[in-house]
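These notes concern the structure reproduced below.
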Amino acid sequence: MASPKICTESITVTTSGKGTYEITDQVSNILSHSRIRTGLATIFVRHTSCSLIIMENADPTARRDLEKFFDRLVPENQSYFEHNDEGSDDMPSHIRSVLTHSSEVIPVADGRMQLGTWQGVFLFEHRRVAHSRKIMVLIIGDPE
Amino acid sequence: MASPKICTESITVTTSGKGTYEITDQVSNILSHSRIRTGLATIFVRHTSCSLIIMENADPTARRDLEKFFDRLVPENQSYFEHNDEGSDDMPSHIRSVLTHSSEVIPVADGRMQLGTWQGVFLFEHRRVAHSRKIMVLIIGDPE
Amino acid sequence: MASPKICTESITVTTSGKGTYEITDQVSNILSHSRIRTGLATIFVRHTSCSLIIMENADPTARRDLEKFFDRLVPENQSYFEHNDEGSDDMPSHIRSVLTHSSEVIPVADGRMQLGTWQGVFLFEHRRVAHSRKIMVLIIGDPE
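Chains as they are written, first to last, in the numbering used here: chain D, 1 to 144; chain E, 1001 to 1144; chain Z, 2001 to 2144.
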């Protein structure tokens, strides 16, 4: 067996408010270019006010319901919040990030992420204002 | 040091309704067969309506309480849910998956997953109807 | 390219009650000693009543608000809890662990974890009594 190889690349996602932004194709393209056939793809977001999720990617109403659920689960303007220098969506954004994921780790086989039929990878933006979000993709594995 | 090796296998879990299904032994067996001594075991579920958790595996009441908590945290039949084509447990199942994990990553040393004494790996099924669930296990590391 | 290398070390964190304990520097030191330049750092906690999070590390009020949120999200003394042999903070500690993370996986480039400016790695202790917590750090990647 060939020696495992590591490939690292960055993705920048420009967000325009709270919501989910699919990045599956961008990660797949990085994987294709890496020529790694078998291994692990790690996706990591370098922020604490947005996060990553793997979610149903066929019906957009599923993501809308998810977003509405999170607005109710972590409401703004809680009387006990001390950290609100950047506005009422500041503290909820950190909590929503901790309740979801900074990284997603996905097995690679036959040169493809082994996502199920309905799984997509999404950046979950928790801030209202537009942001430029940095995501790192690191693939480790055996080349063809 | 020998060159790292990668081993991939699938597990199918047949579920019979909502609840937790332990898969620790199945993952341990795959690790044994891989003959990898030091590295990482990644467990990944290929669905968005069930998920993975690492949980107390000694006392079944702990898992029952966890399941009851999730039923309350993400209730069915919320008036704002739009995505319910597959029934009232459809949307809650996606939300519960996002709040838990699509993958668990566990260090391997001396040929064993480095789980603590009370840690087990579980598939967390969020749908009421029986399902056949696909889980991938990828182990990367140094053979003996 | 050189053959990837694996380095494993343990961290023990002595906790004195519920709260967040930063371990970023301890993980960075292990990474420095490993001399690995490019790869993955995996941090894994070997318990089910404390967990790991990546969180804003500049303003301590953000972590205090997070802790208060979790006290409300997973309250003690729920009438339906059966598992409370170790006290009223027992079952909530398992649920809080499942809602956060047993592992965090962080890409390494140029010999450093690729954390964003405000990201720190924290042990999140969910028990009131002092504990000695075992964390494993496994780094896999290319040496310089």
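For glycine and all other residues, C-beta sits at the position ideal for the given N, C-alpha and C.
Every value quoted in this text rests on a predicted model; they were computed, and no experiment measured them.
- For a Cβ distance threshold of 7 Å, residue set D1065 of chain E lies close to F2081/Z, ordered along the chain.
- L40/D places its beta carbon 8 Å or farther from that of S103/D.
- Residues of the stretch 1110-1141 of chain E whose Cβ lies closer than 9 Å to any Cβ of chain D, in chain order: K1134, M1136, V1137, L1138, I1140.
- Looking at S1010/E, K1005/E, C1007/E, S1016/E, the one whose alpha-carbon comes closest to that of F1124/E is S1016/E.
- Counting C-beta pairs with one atom in each stretch, the stretch 42-60 of chain D and the stretch 1021-1038 of chain E have fewer than three that are closer than 8 Å, which means they do not touch.
- Rounded to the nearest angstrom, the Cβ distance from R2064/Z to D2110/Z is 33 Å, too far for a contact under 8 Å.
- Chain-ordered, the chain D residues with CB closer than 8 Å to the CB of T2061/Z read E82, H83.
- Apart from the 5 residues on each side of it in sequence, T14/D sits with its Cβ closer than 8 Å to the Cβ of A130, H131, S132, R133 in its chain, given in chain order.
- Listed in chain order, the alpha helix (DSSP H) runs fully inside the stretch 1022-1088 of chain E are 1024-1034, 1060-1073, counting runs of at least 4 residues.
- Under DSSP, I135/D forms a beta bridge with I11/D, V45/D.
- By the Cβ neighbour-count rule, N2057/Z is buried, with 16 or more other Cβ atoms within 10 Å of its own.
- Boundaries around L2123/Z are those of the beta strand (DSSP E), 2119-2125, since no alpha helix (DSSP H) includes it.
- Cβ atoms of Q114/D and I54/D stay farther apart than 8 Å, at about 12 Å.
- With respect to chain Z, the C-beta atom of T12/D has no partner C-beta closer than 8 Å.
- The DSSP-derived three-state label of P92/D is helix.
- For the C-beta of P1075/E, not a single chain Z residue is nearer than 8 Å; the gap to the nearest is close to 14 Å.
- Taking a beta-carbon distance threshold of 8 Å, P2092/Z does not count as an interface residue toward chain D.
- For P2004/Z, the neighbours in chain E by C-beta distance under 7 Å run, in chain order, P1004.
- Between S2088/Z and N2077/Z, the beta carbon gap of about 5 Å places them in contact (Cβ cut-off 8 Å).
- Taking 7 Å as the cut-off between beta carbons, the residues of the stretch 2096-2108 of chain Z near chain E are V2098, L2099, S2102, S2103, V2105, in sequence order.
- DSSP places V1105/E within a strand segment (E or B) once states are collapsed to three.
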